[in-house]
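Taking it in order: structure first as structure tokens, then the write-up.
In my numbering, the protein residues as written are 3 to 262.
Structure representation (structure tokens):
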């Protein structure tokens, strides 16, 4: 082959390699950008959360001890306002979840409010959790009077019961789930739980993206999982479960079907 032709061929090969490298680099950059976008989206919170009196980040728990000796642990990604200056001892849950153990050193009524409703404990221990456009009340001890914000009709929810509260009405009273308050001890208890719900719950305690292939959403899971180490929790998934863990980086984790 003439020298001129060889040089032309080498130049064209170099151009192709550089082009492929540029294409590969662009594709990698696009994947990274998409991953970062999903991470940021998964961490997005209402602006109002940052104006609350007490705010917790992903994976953070905080226990508040109030002036009346009430104890209020905050779950991950929660925002709470506290107002003890008026005729009531008032908590307003903006987002997330709290466990309330009411104190009795103050004669004023104790109330918990959310966007959806009004709760008045009757000397008790209970959970309040935001769930989309609703609030879930789970009573662990004694009883709580619950009332929707935009409708009349108070109902007393007793120990071992739960109810979903929407602005216009209360849902049916149901049996409280097992281990609902386990998060306050750093654990998540699953009893025949859909895998989609488990992964979504674990994702609340992790900085970054934790996703699930939709084909696996309805697999059922039972077990106890640590919340202070989500990688350890994922490793604790039952070995007979037909799944595997994909990791793109420390920030990007996805549960996908196991390879055949």
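From the three backbone atoms N, C-alpha and C, an ideal C-beta is built for every residue, glycine too. In this text, all values refer to a predicted model and were calculated from it rather than measured experimentally.
In the DSSP assignment, the residues bridged to residue 84 are 93.
When DSSP reads this structure, residue 131 sits in a beta bridge with 99, 138. For residue 249, the closest C-alpha among the options 76, 171, 214, 94 is that of 214.
A direct Cα-to-Cα measurement between residue 96 and residue 86 gives close to 17 Å. Under the three-pair Cβ rule at 8 Å, the region 156 to 172 does not count as touching the region 193 to 209. Distances from the alpha-carbon of residue 101 to those of 154, 110, 117, 63 put 63 closest. Per DSSP, residue 153 lies in no alpha helix (DSSP H) and is assigned neither H nor E.
DSSP places residue 226 within a strand segment (E or B) once states are collapsed to three. In this structure the region 105 to 112 does not touch the region 133 to 152; the number of beta carbon pairs closer than 8 Å is below three.
Excluding the 5 residues flanking it on each side, residue 125 has same chain C-beta neighbours closer than 8 Å at 104, 106, 144, in chain order.
Taking the C-beta atoms as reference points, residue 72 is found no nearer than 9 Å to residue 207.
Boundaries of the alpha helix (DSSP H) harbouring residue 199: 197 to 205, taken from the DSSP string. Counting along the chain, no alpha helix (DSSP H) covers residue 121; the unbroken beta strand (DSSP E) around it starts and ends at 119 to 123.
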